[in-house]
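Respectively, the protein sequence lines represent chains A and B. Numbering-wise, our numbering puts 182 at position 187 of the first sequence, and it's gapless, one number per residue. Numbering-wise, our numbering puts 115 at position 103 of the second sequence, and it's gapless, one number per residue. Where a beta carbon is used, it is the ideal one built from N, C-alpha and C, also for glycine. Shown next, in C-alpha cells, is the structure this report addresses.
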Amino acid sequence: MGDVILDARGARAWLELLAGTLSEHAGELTALDAAIGDADHGSNMDRGFKAVRQKALNQDGADPAAIFKQTGMALISTVGGAGGPLYGTFFLRMAQAAPGKEQLTVEDLRDMLKAGLEGVVQRGKASPGEKTMVDALGPAVEALDAAIAAGKGGEEALQEAADAAERGARATIPMVARKGRASYLGERSAGHQDPGATSSALLVRTLAQSVG
Amino acid sequence: MKKLINQVDDIVSEALQGMLVAHPDLIEINLDPKYVVRKGAPVQGKVALVSGGGSGHEPMHGGFVGHGMLDGACAGEVFTSPTPDQIYECTKRVAGDRGVVHIVKNYTGDVLNFEMAAELAQGDGIEVQAVVINDDVAVQDSLYTAGRRGVGATVLAEKIAGARAEEGGSLSEVADDVKRVNEESRSMGMALTSCTVPANGSPTFELADDEMEIGIGIHGEPGRERVKLEPADRIVDRLLEPVLSDLPFTSGDRVLAFVNGMGGTPQIELYIAMRRVGAALSEAGLRLERTLIGSYITSLEMAGLSITLLRLDDEMIRLWDAPVLTTGLRWGM
C-alpha cells in the first residue's frame, strides 16, 4: 500500500477548500443550471457546504470517515433538490468504505470515491452518458484506478483523476440529458455543460489539491 | 430584482410565520425543520396525507393543510425540494395510527428526498405509501426523460384523497384515490413572462414582449415551444388540444376543468380563458361537471396559466364536493 496522503486534518482542509470553491463558483453553477434546469444548483451547494462548515468541520479528533459521514448528513439535511440526496449519499458511502481509519492511502481514497460513485449511481439510477454527476465522477475513478495500477504516486494519481473529471464534465456539453430536470428539454439540453458534473469536477479537483 | 421581502435567506420561514399569524385556527407551523401541519395533528383513526415541494408555488402545499385535505406540508427553499429529515419529521408529527400517504410531484429532487424520508419513517415503524403525480403532457414520457412533471393534478388529488381519509378510508384506499386522480388527469401550462428566483436575483428566462412559452414548467423550465403571442382563445386551444388527445378524453366524458393562474395573472384573464374552456369542451362533447379557477399552483410572479382536466365519476364528484377547510380551499363547512 502507498503512503498516507490524507488524515482528518487533510480531510477538513479539503472540505474547507471545496466549500470556498463552491461558494466562488455558485453563480456559475446556477447559470449552468438556469440553462437546462431550475437555476438553483449553485445556491443549493453553497448553502449545503456552509452547513458542512458549521456541523462537520467544527469537531476535533474525528477520523476522515467520521468527517465524511457528518458531511453527508449535513448535505442531506440542507441542500434539497436532487443534489442533496446525491451528494449526501456520495459522502455517506465514502465514509462506509473506510470506517475508523485515521490515515488514508491513495488506495483507500480510490475505494472511497468508488463507493461514493456507486451510491450516486444507485440513488439516481443514472448511467454514464446521461449528462449527470456520473459523467465526471466515473472518469475520475477510472483514471485514479489506472494511475495507481501504473504505479504513480498519490498526488499525481489524484491530479489525473481531477483532469479526467474536468474532461468528463466538459464532455457533457454535447450530451442529451436523460436524467433530472434537464431531461425534459430533450435535444435542447445539448450544448450546455451539466451543472452536477461541473460541481463534481470541482470536488475531485479540490481533493487533488488537498492531498500529500 | 424588486420583491416584497426582507432578507432572501428568511423568505420561507417568514412566510410560514405569516401564515400562522393569519390562520392560527387552522394550522400549526414548525420552523426547524420547516413544515405546516393541521391544527391538532395527529388525528387518530385517520390516514395522514403529507405533501411538499419547493416554495414559490403558494398556496400549494401549505395552503391545502386542514380538514379534508392535507395533514402536513413540507416547504423547501424556493423551487427546491424539501430535505429527507424535514419530510421525515413532518411525517412523524402527523402520523396517527393508520399510516401516511406521501403525495410527491414527479421531479427528480422531490422523488429522491421523499424516498429517503419514507425509508427513515418506515424504520420507525410508520407505514408510508408514496404516490407520484405526473400529469404534465408538455413533457415526453419516455425511458429517456425523468418522466412527466407533476402539476395541476396535485391539487385535485390532495382534495379528493383528503376527503377519503377524512371519512375513514384505509391507507391503500387513500393512496389509490391519489393514483386514480393522477391517471385520469392531464395538464399543460404556458407563460407570458418569466419569474425571478430570489436567490438568483434575475429572471430565470427571457421572453420578448411579443412571445410566449407553451408547455412551461412551474419552475420556469422551458416548455415545448416558444411562439408569438396570440389571443386568449387560441392559447387555450393550444393547451387543450394535447390535454384532450393524451388521455384521451372522449365525447360524453364528465370532467372537472381547473384553470390555474401562474402567480402573475389577474383573475379577469383566467375567466376569459375559462370562457373558451367551456366552449371548447362543449364542442368536444364533454360534460363540464365541476370547475376550479384561481391561482393555486403558482410559479412566483410568472404570468400565464395552466389547464388541467380530470375525468370524473360519481365517487370522485362526491369526494370533490365533500367539506374542506384549508387556507387555500374551503367549502361545505
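Using a threshold of 7 Å, is the CB atom of C86 of chain B nearer than that to any non-hydrogen atom of the ligand SAM?
-> Absent from the structure shown: the ligand SAM. Ligands present: none.
Assuming Q204 of chain A and L12 of chain A make a contact with CB atoms under 8 Å, what is their CB distance in whole Å?
-> So it is a contact: roughly 6 Å between Cβ atoms.
Rounded to whole angstroms, how far is the Cβ of E346 of chain B from the Cβ of L298 of chain B, which I believe are closer than 8 Å?
-> In the structure as shown, chain B starts at 13 and stops at 345, and residue 346 of chain B therefore has no counterpart that could be examined.
So with Cβ pairs under 8 Å, would you call V151 of chain B a contact of chain A?
-> By this cut-off, V151 of chain B is an interface position.
Proximity below 8 Å, CB of A285 of chain B to CB of V248 of chain B = Against a cut-off of 8 Å, the Cβ pair of V248 of chain B and A285 of chain B comes out as a contact.
Can you grab the Cα-Cα spacing for the pair Q98 of chain B / A26 of chain A, in whole Å?
-> Roughly 27 Å between the two C-alpha positions.
Does the region 90 to 108 of chain B come within contact of the region 203 to 218 of chain B, defined as at least 3 CB pairs closer than 8 Å?
-> Counting Cβ pairs under 8 Å, three or more are found: they touch.
Please report the Cβ distance between A192 of chain A and A159 of chain A, rounded to the nearest whole angstrom; I am assuming they are in contact, meaning their Cβ atoms lie under 8 Å.
-> That pair is no contact at about 12 Å.
8 Å Cβ cutoff met for G133 of chain A and L99 of chain A = Not closer than 8 Å, so no.
Check the Cβ of R118 of chain A against every Cβ in chain B and list those closer than 8 Å, keeping chain order.
-> Residues of chain B passing the Cβ test: L124.
Partners in chain B for T100 of chain A, counting only beta-carbon separations shorter than 8 Å = Result: empty, since nearest Cβ-Cβ is about 31 Å, beyond 8 Å.
Give a yes or no on contact between the region 170 to 183 of chain B and the region 306 to 317 of chain B, applying the rule of three or more CB pairs nearer than 8 Å.
-> As far as the Cβ criterion goes, the region 170 to 183 of chain B does not touch the region 306 to 317 of chain B, which means the pair count is below three.
For L61 of chain B, the first and last residue of its enclosing beta strand (DSSP E) | For L61 of chain B, the enclosing beta strand (DSSP E) has its first and last residue at A60 to S67.
At 8 Å on the CB atoms, spell out the chain A contacts of T262 of chain B, in chain order.
-> Annotation: T262 of chain B has no Cβ neighbours in chain A at a cutoff of 8 Å; minimum Cβ distance is about 28 Å.
Under 7 Å between beta-carbons, which chain B residues line up against L180 of chain A? List them in chain order, please.
-> Contact of L180 of chain A with chain B by beta-carbon distance below 7 Å involves P234.
Going by DSSP, name the residue or residues bridged to M216 of chain A.
-> With chain A covering -4 to 207 only, the question about residue 216 of chain A has no answer from this structure.
Endpoints, the alpha helix (DSSP H) within which T338 of chain B is located = Counting along the chain, T338 of chain B falls outside any alpha helix (DSSP H), though it belongs to the beta strand (DSSP E) covering V336 to T338.
Option nearest D106 of chain A by Cα separation, candidates A:Q117, A:R88, A:G119 and A:H20 | It is A:R88.
For A60 of chain A, which of A:A34, A:S72 and A:L1 has the nearest alpha-carbon?
-> Per the Cα distances, A:L1.
Among B:G290, B:M202, B:D221 and B:N146, the one whose alpha carbon lies nearest that of E196 of chain B = Of B:G290, B:M202, B:D221 and B:N146, the residue nearest in Cα terms is B:N146.
Could you check if E295 of chain B is buried or exposed, using at least 16 other CB atoms within 10 Å of its CB as the buried criterion?
-> Exposed, because fewer than 16 other Cβ atoms sit within 10 Å of the Cβ of E295 of chain B.
Report yes or no: is there a C-beta of chain A within less than 8 Å of the C-beta of S93 of chain B?
-> When Cβ-Cβ separations below 8 Å define contact, S93 of chain B makes contact with chain A.
Does D97 of chain B come within less than 8 Å of chain A when only Cβ atoms are used?
-> D97 of chain B has a beta carbon lying within less than 8 Å of a beta carbon in chain A.
Closest Cβ-Cβ distance between D106 of chain A and chain B: below 8 Å?
-> It does not: the Cβ of D106 of chain A has no partner Cβ on chain B nearer than 8 Å.
Listed in chain order, which residues of the region 142 to 173 of chain A have Cβ atoms closer than 9 Å to some Cβ of chain B?
-> Look at the region 142 to 173 of chain A: the residues with a C-beta under 9 Å from a C-beta of chain B are V171, A172 and R173.
Cα separation between L268 of chain B and E182 of chain A?
-> Between L268 of chain B and E182 of chain A, the C-alpha separation is close to 34 Å.
Sub-8 Å separation of G227 of chain B and M200 of chain B beta-carbons = A contact, by the Cβ cut-off of 8 Å.
When you compare each of B:N194, B:L341, B:R110 and B:I329 to L300 of chain B by their alpha carbons, which one comes out closest?
-> Measuring from the Cα of L300 of chain B, the nearest candidate turns out to be B:I329.
Anything in the region 56 to 76 of chain A with a Cβ closer than 8 Å to a Cβ of chain B? List those residues in chain order, please.
-> For the region 56 to 76 of chain A, which is checked against every Cβ of chain B, the residues closer than 8 Å are I71, S72, T73, V74, G75 and G76.
Chain B partners of R183 of chain A, CB-CB under 9 Å?
-> In chain order: P234.
Quick one: which chain B residues come within Cβ less than 9 Å of G111 of chain A?
-> Neighbourhood of G111 of chain A in chain B, by CB distance below 9 Å: empty, with the nearest CB roughly 16 Å away.
Tell me whether Y283 of chain B is buried or exposed, calling it buried when 16 or more other Cβ atoms sit within 10 Å of its Cβ.
-> With fewer than 16 Cβ atoms within 10 Å of its Cβ, Y283 of chain B is classed as exposed.
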